[in-house]
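Trainee:
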Amino acid sequence: MAQYLLNIAHETREVLAELGMSSLREARGRSDLLQLLDHPSSVGQLDLRAMLAVVEEVTIGDPVYLEKDYTLDDGWLVQLRAALVEQGETTVQLGDGVHLSNRNKSVGAQLAVDIERMLNHELTDVELPAVLRDERGRGYLREGSVRIATSGSAGLSYGAFCNDGMTLVHTGTANDGVGKGANGGSIVVRSPGGGSDLHGGNVLIGNFALFGATGGRTFVEGQAGDRFAVRNSGATAVVEGVGDFACEYMTNGAVLNLGGFGKGVGNGMSGGFVYQYDPEGKLPGKASADSILLGAITGDDEHAALHRQAVHVLLGWHLEATGSAKAAWLLENWETEQHHFVYGMPRALLQYQDSDEILKAKPRKDLADELAAALVAHQVRKFKLDYRDGNAVLDGAVPGYGEADTEAMFALLNNYTVLNAAQEMALSKLPGVADPSDPAVDKAVRNLLLTEDFFLMQRLQRYAREALKDYSDEDLAVMVAAKRLADYKDALRRRNVRSIDAPGTYGWILHQDAKNVDKIGRLPGFEELFAQHALPDLIPTRDVVPS
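As numbered in the UniProt record's numbering, residues 1 to 547 make up the sequence shown, in order.
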């Protein structure tokens, strides 16, 4: 993309040079340089000759700029500090139903940033009743610590960047961008009354709500515009109607829609789950069939039960947050209405993490190569961290008498295998050096390990490939699925944003874990797999002592 934009810039300069201009500014207003389109494929009979007149650029001598206005957020921060920091309270009520207009943009956004700055850059050593800290040391507010009540018609980006502990409750309507970039807390938009149950008859928020959100919850007691939850990466939302392209490019999270919908549902979706109340059976004709697979939550497929539970939970949360009459009716009539709910699962998620789909899509060589690379990467990376930091391998653990075929024994053996391979490669590159404890060897070994040298990795992969020869294609597919699922769980664990519910996602992980174990029994660990074929090569080798 960067190169593409550079190419456009270069070509633009060339065109300007041909016209005798040095900048785009000089070309401003020079419509006399335009040419009318004359091509067989042109459509329409518009006469645009009047646009070819040269019009002198209007210069504004004393422009008037509309400055940003964060008066509300500034005032709320003062009240929040007084209550939660100075007085040590656990909750604070803000807003008092203040009436908003479309001039009130990004309400709550600056406050969310100020809370993060205050807890993690100003008050890092202060313990407060309303503040929790995770194992990384990040401070965040307890759920429901800050409640902000507003009304009216909010401007753009209401609740943007909503943070942990914040609950924004708005009675009325809001413009585009509600909750964009949200990473925690809750945004609740309640109906002010009026409207109708028809699709488009009770629109409360605008387009691209939750754009790029990574966490938190949003509940809308009404309908949303186009591209609801576009690029959602972890937020949970319940809404009562959406426009076109809902959940487009979504990568995680959960969205439940209780109302109407437009075209392109789930277009480009690669993660998370979408749920739709569809009593008329229209979703198959509106969903992006290339991106998502549809199923009834009461169906007999292997995923239905976990999604049925997820929908029931989301309905309960929506009712509690908004008092929605629709959610209440659906829960009261759950035994009959549950049959009208459909779940949407990204094809990409199934194809990447389900062993059956992996087996269909990948030949044996690809499966073995992926597993071999993963086995070696695991061994080299864990050893190189200890080697780099000067730590004893496995904290200096020594196997007890009679210990064999244990995870600890396999791990010790594999660490030695990595060191031995690196030392042998280092010695081969240093003519006249035979002592592995030589400083030059130690330096070369360190470089091989820290850079994860290609030839070192290839050498070690030989053991990994040998270890995989005895497994069937189905076994390899299951191990690849287990490895990818483990990577996925690790990625979730490493997220900076922890406020992600995603009941469908976690249900999916549990289901796939159980499926993998059921298919292959006890899945062999990376340590055991690697050690099985490294040992024969180590027995006759020289005695190498780590320096």
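Just so you know, even glycine gets a beta-carbon here, dropped at the ideal spot from N, CA and C.
Considering Cα atoms alone, identify which of Leu256, Lys365, Ala149 and Gly206 is closest to Ala188.
Mentor: For clarity, residue 188 is Val in the given sequence; the question names Ala instead. Checking every option, the nearest Cα to that of Val188 belongs to Ala149.
Trainee: Measure the CB-CB distance between Thr251 and Ser233 and report whether it falls below 8 angstroms.
Mentor: Yes. Within cutoff.
Trainee: Please name the residue, chosen from Ser145, Asp38, His10 and Lys105, that lies closest to Leu72 on a Cα-to-Cα basis.
Mentor: Ranking Ser145, Asp38, His10 and Lys105 by Cα distance to Leu72 puts Lys105 first.
Trainee: DSSP three-state call for Asp73: helix, strand or coil?
Mentor: Correct three-state label for Asp73: helix.
Trainee: Buried or exposed, going by whether 16 or more other CB atoms sit within 10 Å of the CB of Ile60?
Mentor: Exposed: under 16 other Cβ atoms inside 10 Å.
Trainee: In terms of residues, what are the limits of the alpha helix (DSSP H) holding Pro439?
Mentor: From DSSP, the alpha helix (DSSP H) with Pro439 extends over Pro439 to Leu450.
Trainee: What residues in its chain sit with their C-beta under 7 angstroms from that of Gly271, if we drop five residues either side in the sequence?
Mentor: Around Gly271: Met250, Thr251, Asn252, Pro346 and Leu349.
Trainee: According to DSSP, is Phe454 part of a helix, a strand, or is it coil?
Mentor: The answer is helix: DSSP assigns Phe454 an H, G or I state.
Trainee: Find the nearest neighbour of Gly225 within the set Ala235, Arg231, Ala237 and Gly241, judged by alpha-carbon distance.
Mentor: If we check each option's Cα against that of Gly225, Gly241 comes out closest.
Trainee: Given that a residue counts as buried once 16 or more other Cβ atoms are within 10 Å of its Cβ, and exposed if not, what is Lys180?
Mentor: By the 10 Å Cβ count, Lys180 comes out buried.
Trainee: Please state whether the Cβ-Cβ distance between Glu527 and Ala434 is less than 8 angstroms.
Mentor: No; because the gap between Cβ atoms is not below 8 angstroms, this pair is not in contact.
Trainee: Using only CA atoms, which one of Gly195, Tyr416 and Ile297 lies nearest to Trp334?
Mentor: Trp334 has its Cα closest to that of Ile297, out of Gly195, Tyr416 and Ile297.
Trainee: Would Ser145 and Ala160 be called neighbours here (beta carbons separated by less than 8 angstroms)?
Mentor: Cβ distance not < 8 angstroms, so Ser145 and Ala160 don't count as in contact.
Trainee: Would you give the residue range spanned by the alpha helix (DSSP H) that Ser428 belongs to?
Mentor: Element bounds for Ser428: Glu407 to Ser428.
Trainee: Put Arg142 into one of helix, strand or coil per three-state DSSP.
Mentor: Of the three classes helix, strand and coil, the one that applies to Arg142 here is coil, per DSSP.
Trainee: Can you list the beta strand (DSSP E) stretches of 3 or more residues lying completely in the stretch 92-124, in chain order?
Mentor: Whole beta strand (DSSP E) segments, 3+ residues: 92-100.
Trainee: Hey, quick one: how far does the beta strand (DSSP E) through Thr218 stretch, first residue to last?
Mentor: Here the beta strand (DSSP E) through Thr218 covers Gly215 to Val220.
Trainee: On the DSSP letters alone, give me the boundaries of the beta strand (DSSP E) that Met166 sits inside.
Mentor: Met166 -> beta strand (DSSP E) spans Met166 to Ala174.
Trainee: Beta-carbon separation of Leu258 and Val238 under 8 angstroms?
Mentor: Yes. Within cutoff.
Trainee: Pick out the complete beta strand (DSSP E) segments inside the stretch 245-311, 3 residues or longer, and give them in chain order.
Mentor: As far as the stretch 245-311 is concerned, its whole beta strand (DSSP E) runs of at least 3 residues are 252-257, 273-277 and 292-296.
Trainee: Round the Cβ separation of Lys286 and Phe245 to the nearest angstrom and send it over; I've been treating them as touching at under 8 angstroms.
Mentor: Contact flag wrong, Cβ pair sits at about 10 angstroms.
Trainee: Alpha carbon to alpha carbon, how far is Gly108 from Leu168? Give it in angstroms, no decimals.
Mentor: Each residue's Cα considered, the two are about 8 angstroms apart.
Trainee: Hey, which unbroken runs of the alpha helix (DSSP H) at 4 residues or more fall wholly within the stretch 320-400?
Mentor: The stretch 320-400 contains these whole alpha helix (DSSP H) runs: 325-332, 334-337, 347-353, 355-361 and 364-389.
Trainee: Could you have a look at Asn516 and say whether DSSP puts it in helix, strand or coil?
Mentor: Reduced to three states, the DSSP call for Asn516 is helix.
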